[in-house]
Amino acid sequence: MTSRTHYTTEDIKTALCELGVASGDDVYVSGNFGSLGFHESKSKTGTLEAHHEAIRAVIGPEGTLVVPTHSFDLCNTEIVFDSKVTPSQRGPFTEFIRQMPGAVRQFHPFGSVTALGASAGLICEKTTRHAYGPNTPYERLLHRDAWSLSVGMPPQTTCSLVHHLEMTMAVPYRYTKEFLHPVKRSEEVVIEPFYLFVTYQGIELERDRNAKFFAHPLMVQHVRQVRIGMNQVWAYKMRVFEQVVRECMTEDIYAWLRHPPEIRPFQK
0 MTSRTHYTTE DIKTALCELG VASGDDVYVS GNFGSLGFHE SKSKTGTLEA HHEAIRAVIG
60 PEGTLVVPTH SFDLCNTEIV FDSKVTPSQR GPFTEFIRQM PGAVRQFHPF GSVTALGASA
120 GLICEKTTRH AYGPNTPYER LLHRDAWSLS VGMPPQTTCS LVHHLEMTMA VPYRYTKEFL
180 HPVKRSEEVV IEPFYLFVTY QGIELERDRN AKFFAHPLMV QHVRQVRIGM NQVWAYKMRV
240 FEQVVRECMT EDIYAWLRHP PEIRPFQK
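Sequential numbering from 0 applies to the sequence shown in numbering that gives the first Met the number 0.
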């Protein structure tokens, strides 16, 4: 590694290999790339290109790079969702990948995921109108034994997968809400229904930011981390996280919270 504040593209490749990422793998990537310090390219675009190049080099032509390209700010607005134009709100790297030739974006106006690589279509095409749940990219990534890679941010702060697992475990403090939203299909704007798994309003949920899940012995043993520049990169298999969350929520359906809610509008 070049220094504690500077790093190279080769440093990224080395770190990915040390984390266990290999040829043919699917990798879901999120985080704060700027927190790693200064890439040798000395430019923002060069830094994004370097991370893309390094990941694709390690996973090879049979692997797939996946990123969240959420646009939740469109909820409850009349802003048209255009899968080819609507920007990602999950950081510069996700927007960089969304715009890459060959990238495939899930058609969901709020909770989309974008994939680039061999299995991009298998992961992001022909999904349901839900952001999470059966036949969504998250379920498909689990079936494919994908990695979750958190760049420069502790993994408990970047795991959108937990909301998919909340839905499959049917947590009582959330419900499925329908949104009628304008979207662009071909050259036509149409109003269509889409769904999110949202929390009840006014019940004062206190989240624990996945602390219990990542403190579980299996996750403590399994999560790997490697330094790049000024910060760390973490990696874990999504299936292991799924196993832990299911176990915790089987024992305590409120495991995602610091404590069970006192106000329960879902209670009859």
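Idealized CB from N, CA, C, for every residue including glycine.
Just so it is clear, the structure is predicted and the values come from calculations on it, not from any experiment.
Exercise. Between the C-alpha atoms of residue 112 and residue 186, what's the straight-line distance to the nearest angstrom?
Worked result: Start at 1 with the first residue of the sequence shown, and residue 112 comes out as number 113. Start at 1 with the first residue of the sequence shown, and residue 186 comes out as number 187. Approximately 22 Å between the Cα atoms of the pair.
Exercise. What does DSSP give as the partner residues of residue 56 in its beta bridges?
Worked result: For the purposes of this step, residue 56 is identified with residue 57 of the sequence shown, where counting begins at 1. Looking at the DSSP assignment, residue 56 forms no beta bridge with any residue, so it has no partner.
Problem set entry | Boundaries (first-last residue) of the alpha helix (DSSP H) holding residue 214 | Here residue 214 refers to the residue found at position 215 of the sequence shown. Where residue 214 is concerned, the enclosing alpha helix (DSSP H) stretches over 210-214.
For this session: Measure the beta-carbon distance from residue 92 to residue 32 and round it to whole angstroms, keeping in mind my assumption that it falls under 8 Å.
Result: The residue labelled residue 92 in the question sits at position 93 within the sequence shown. The residue labelled residue 32 in the question sits at position 33 within the sequence shown. The C-beta distance from residue 92 to residue 32 rounds to 5 Å, short enough to fall under 8 Å.
Exercise. To which residues of the same chain is residue 143 closer than 6 Å at the C-beta, ignoring the five residues directly before and after it?
Worked result: The residue labelled residue 143 in the question sits at position 144 within the sequence shown. Answer for residue 143: 25, listed in chain order.
For this session: Consult DSSP for residue 231 and reduce its assignment to one of helix, strand or coil.
Result: Counted from its first residue, the sequence shown places residue 231 at position 232. Strand at residue 231.
Exercise. Among residues of its own chain, excluding the 5 on either side of residue 207, which ones have a beta-carbon nearer than 8 Å to its beta-carbon?
Worked result: Residue 207 sits at position 208 when you count from the first residue of the sequence shown. Excluding positions up to five away in sequence, the list reads 255, 256, 257.
Exercise. Hey, which unbroken runs of the alpha helix (DSSP H) at 4 residues or more fall wholly within the segment 140-224?
Worked result: Note on the segment 140-224: whole alpha helix (DSSP H) runs with a minimum of 4 residues are 160-167, 210-214, 216-221, in chain order.
Problem set entry | Strand pairing of residue 29, partner residues [DSSP] | To locate residue 29, count along the sequence shown from 1; it is residue 30. In the DSSP output, where bridge partners are listed per residue, residue 29 has 149.
For this session: Taking 8 Å as the threshold, find out whether the segment 111-125 comes into contact with the segment 67-74 through three or more Cβ pairs.
Result: The segment 111-125 is in contact with the segment 67-74.
Exercise. With distances taken between CB atoms, is the gap from residue 20 to residue 57 smaller than 8 Å?
Worked result: By one-based count along the sequence shown, residue 20 stands at place 21. By one-based count along the sequence shown, residue 57 stands at place 58. Cβ distance < 8 Å, so residue 20 and residue 57 count as in contact.
Problem set entry | Burial state of residue 211, where buried means 16 or more other Cβ atoms lie within 10 Å | In the sequence shown, residue 211 corresponds to position 212, counting from 1. Classification of residue 211: buried, given that the 10 Å Cβ count is 16 or more.
For this session: Could you tell me the distance, in whole angstroms, from the CA atom of residue 10 to the CA atom of residue 222?
Result: By one-based count along the sequence shown, residue 10 stands at place 11. By one-based count along the sequence shown, residue 222 stands at place 223. Here the C-alpha atom of residue 10 lies approximately 20 Å from the C-alpha atom of residue 222.
Exercise. Quick one, are the C-beta atoms of residue 30 and residue 166 less than 8 Å apart?
Worked result: Position 31 of the sequence shown, counting from 1, holds the residue named residue 30. Position 167 of the sequence shown, counting from 1, holds the residue named residue 166. At a Cβ-Cβ threshold of 8 Å, residue 30 and residue 166 do not count as neighbours.
Exercise. For residue 236, which beta-bridge partners are listed by DSSP?
Worked result: Looking up residue 236 in the sequence shown gives position 237. Bridge partners of residue 236: 146.
Exercise. Per the contact definition of three or more C-beta pairs closer than 8 Å, is the segment 189-204 in contact with the segment 167-179?
Worked result: Yes, they touch.
Exercise. Considering only the beta carbon of each residue, do residue 53 and residue 8 sit closer than 8 Å?
Worked result: Residue 53 sits at position 54 when you count from the first residue of the sequence shown. Residue 8 sits at position 9 when you count from the first residue of the sequence shown. In contact: residue 53 and residue 8 (Cβ atoms closer than 8 Å).
Exercise. Helix or strand or just coil, what does DSSP make of residue 0?
Worked result: As a working mapping, residue 0 is identified with position 1 in the sequence shown. Note that residue 0 has pLDDT 49, beneath the 50 cutoff, so the model's placement of it is unreliable and the number below is only indicative. In the structure shown, residue 0 sits in coil (DSSP, three-state: anything other than H, G, I, E or B).
Problem set entry | Residue of 239, 238, 108 minimising C-alpha distance to residue 79 | For this step, residue 79 is matched to residue 80 along the sequence shown. The residue among 239, 238, 108 with its C-alpha nearest the C-alpha of residue 79 is 108.
Exercise. How about residue 213 and residue 266: do their beta carbons lie closer than 8 Å?
Worked result: As a working note, residue 213 is residue 214 in the sequence shown. As a working note, residue 266 is residue 267 in the sequence shown. Against a cut-off of 8 Å, the Cβ pair of residue 266 and residue 213 comes out as no contact.
Problem set entry | residue 164 vs residue 246 beta-carbon contact at 8 Å | Reading the sequence shown from its first residue, position 165 is the one you call residue 164. Reading the sequence shown from its first residue, position 247 is the one you call residue 246. No, Cβ-Cβ distance for residue 164 and residue 246 is not below 8 Å.
Exercise. So which of 13, 6, 89 has the shortest CA-CA distance to residue 28?
Worked result: The count along the sequence shown starts at 1 and reaches residue 28 at position 29. Comparing Cα positions, the closest option is 89.
Exercise. DSSP on residue 63, reduced to helix/strand/coil?
Worked result: As a working mapping, residue 63 is identified with position 64 in the sequence shown. For residue 63, the secondary structure class from DSSP, reduced to helix, strand or coil, is strand.
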